[in-house]
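Residue numbers (my numbering): 1415 to 1479.
Dropping the structure here:
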């Protein structure tokens, strides 16, 4: 990975963090950590409509919130 690519990723991470600040939306990873529920269970729940979710651009492609 070159420095330009890493800087681009870092900028996207900062933008995502800023967009989520003050928001009720959290990343799938953070939801799993804070609730103690596995990511697999969370995925199952959002796929069946039991849990609201949305996709946003993240540093490594689309990211589920």
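Just so it is clear, CB atoms sit at the ideal spot from N, CA and C, and this is done for glycine as well.
Straight-line gap, residue i to residue j (C-alpha atoms, nearest Å)
| i | j | result |
| --- | --- | --- |
| residue 1429 | residue 1435 | 10 Å |
| residue 1416 | residue 1450 | 36 Å |
| residue 1452 | residue 1446 | 6 Å |
| residue 1448 | residue 1442 | 10 Å |
| residue 1458 | residue 1437 | 23 Å |
| residue 1467 | residue 1454 | 14 Å |
Whether residue i touches residue j by CB criterion (7 Å)
| i | j | result |
| --- | --- | --- |
| residue 1476 | residue 1469 | yes |
| residue 1473 | residue 1423 | yes |
Buried versus exposed, by CB contacts within 10 Å (16 or more), residue i
| i | result |
| --- | --- |
| residue 1456 | buried |
| residue 1479 | buried |
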